[in-house]
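K.L.:
Protein chains: 2
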Amino acid sequence: MPEKNDVLIGRKPAMNYVLACITLFHGGANEINVKARGRAISHAVDVVEIVRRRFLPDVKVKNIDVGTEQMPPNEERSTPTNVSTIEITLGK
Amino acid sequence: MPEKNDVLIGRKPAMNYVLACITLFHGGANEINVKARGRAISHAVDVVEIVRRRFLPDVKVKNIDVGTEQMPPNEERSTPTNVSTIEITLGK
Numbered sequence: 001m002p003e004k005n006d007v008l009i010g011r012k013p014a015m016n017y018v019l020a021c022i023t024l025f026h027g028g029a030n031e032i033n034v035k036a037r038g039r040a041i042s043h044a045v046d047v048v049e050i051v052r053r054r055f056l057p058d059v060k061v062k063n064i065d066v067g068t069e070q071m072p073p074n075e076e077r078s079t080p081t082n083v084s085t086i087e088i089t090l091g092k
Numbered sequence: 093m094p095e096k097n098d099v100l101i102g103r104k105p106a107m108n109y110v111l112a113c114i115t116l117f118h119g120g121a122n123e124i125n126v127k128a129r130g131r132a133i134s135h136a137v138d139v140v141e142i143v144r145r146r147f148l149p150d151v152k153v154k155n156i157d158v159g160t161e162q163m164p165p166n167e168e169r170s171t172p173t174n175v176s177t178i179e180i181t182l183g184k
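Protein chains in written order, with our numbering: chain A, 1 to 92; chain B, 93 to 184.
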C-alpha cells in the first residue's frame, strides 16, 4: 500500500520521479521513500542520485532496505515468482 | 580496483554470482561486498536476496551504499556520462 511520502519507481523517464521527489520535499516532507521492484531497482538508484547530487544537496540517504516479494501467478506465469525490492529513505 | 572479497556483478546468470558469494564465505570470509553499476544494480539485489534467503540464512545485509561514477568517453559516447553504483556488504 503506497504511503503518503512514497515515490514508486516504474518505467517512466527518471526526471518524472525526480520531480515527484522534489515536489514532496518542497511541500514540507522531511522524509520520503523511493520504492522499486525488479528491473526498476537500478532506475530508483538513478533517481536518488540525481535528486541529491543535482537538485537537493542537503538531502541524504538515511536508509536502504532490500527484500523479496512473491508475485502471484498471472496470465504470463502459471507459478508464483519472487521479485527483489528496494526501499531508499531520503531525508533532510 | 576490486578488493579480495568483492563480487562484481555483470551480465552472467545470477547463480554464477551466488556461487561466487557462497565460495567466499565457505573459504573463511566474514564479510563480502557485492558491487554493481548501471542496470546490473537490480541483478546485484537479486543475487544478495538469493544468497541470504535460499543458501546462507545466517548472512545479513550489513550496509548498502549508493553512488555515482563518471564514465570516460569511449567509442560509443563522445562525452563523459554518469552511472549509478551500489555496494552491498554482506556479513555473518
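Glycine included, each C-beta is placed from N, C-alpha and C at the ideal position.
Quick one: is the Cβ of asparagine 122/B within less than 7 Å of any heavy atom of the ligand FAD?
P.N.:
With respect to the ligand FAD, the structure shown offers nothing to examine, as it has no ligands at all.
K.L.:
List, in chain order, every chain A residue whose beta-carbon is nearer than 8 Å to that of arginine 131/B.
P.N.:
Under the 8 Å cutoff, chain A gives Arg39, Ser42.
K.L.:
Going by CA-CA distance only, name the one from Lys96/B, Asn122/B, Lys127/B, Val151/B that's closest to arginine 103/B.
P.N.:
When each option's Cα is compared against that of arginine 103/B, the closest is Lys127/B.
K.L.:
According to the neighbour-count rule (16 or more other Cβ atoms, all chains shown, within 10 Å of its Cβ), is serine 84/A buried or exposed?
P.N.:
Buried.
K.L.:
Per DSSP, which one or two residues make a beta bridge with lysine 152/B?
P.N.:
Answer by DSSP bridge pairing, in chain order: Gly183/B.
K.L.:
For the alpha helix (DSSP H) that contains isoleucine 41/A, what are its first and last residues?
P.N.:
That run of the alpha helix (DSSP H) goes 40 to 50.
K.L.:
Does the beta-carbon of glutamate 167/B have 16 or more other beta-carbons within 10 angstroms, so that it is buried, or is it exposed?
P.N.:
Classification for glutamate 167/B: exposed.
K.L.:
Give the straight-line distance between the Cα atoms of aspartate 58/A and serine 78/A, rounded to the nearest whole angstrom.
P.N.:
In a straight line, the C-alpha of aspartate 58/A is about 46 Å away from that of serine 78/A.
K.L.:
Of all the residues that make up the stretch 52 to 74 of chain A, which are near chain B by a beta-carbon distance shorter than 9 Å?
P.N.:
For the stretch 52 to 74 of chain A, which is checked against every Cβ of chain B, the residues closer than 9 Å are Arg53, Val61, Asn63, Ile64, Asp65, Val66, Gly67, Thr68.
K.L.:
So is valine 48/A in contact with chain B if we call contact Cβ pairs under 8 Å?
P.N.:
Yes, its Cβ sits closer than 8 Å to a Cβ of chain B.
K.L.:
I'd like to confirm the pairing. Which residues does DSSP put opposite isoleucine 22/A in its beta bridges?
P.N.:
Answer is none; isoleucine 22/A lacks a bridge partner.
K.L.:
I'd like the list of long-range same chain contacts for valine 143/B, defined as Cβ closer than 6 Å, with 5 residues on each side in sequence excluded.
P.N.:
Cβ within range, chain order: Val110, Cys113.
K.L.:
Per DSSP, what kind of secondary structure is alanine 121/B in: helix, strand or coil?
P.N.:
Three-state result, alanine 121/B: coil.
K.L.:
Should valine 18/A be flagged as near chain B, meaning a C-beta pair shorter than 8 Å?
P.N.:
Cβ-Cβ to chain B under 8 Å: no for valine 18/A.
K.L.:
Please report the distance separating the alpha-carbon of leucine 134/B from that of glycine 27/A.
P.N.:
This sequence places serine at residue 134/B; leucine is not what is there. In a straight line, the C-alpha of serine 134/B is about 30 Å away from that of glycine 27/A.
K.L.:
Whole angstroms are fine: how far does the CA of asparagine 82/A sit from the CA of glutamate 49/A?
P.N.:
Distance between the alpha carbons of glutamate 49/A and asparagine 82/A: 27 Å.
K.L.:
Name, please, each residue of chain A whose Cβ falls closer than 8 Å to the Cβ of isoleucine 178/B.
P.N.:
Going along chain A in sequence order, the residues near isoleucine 178/B (Cβ under 8 Å) are Val45.
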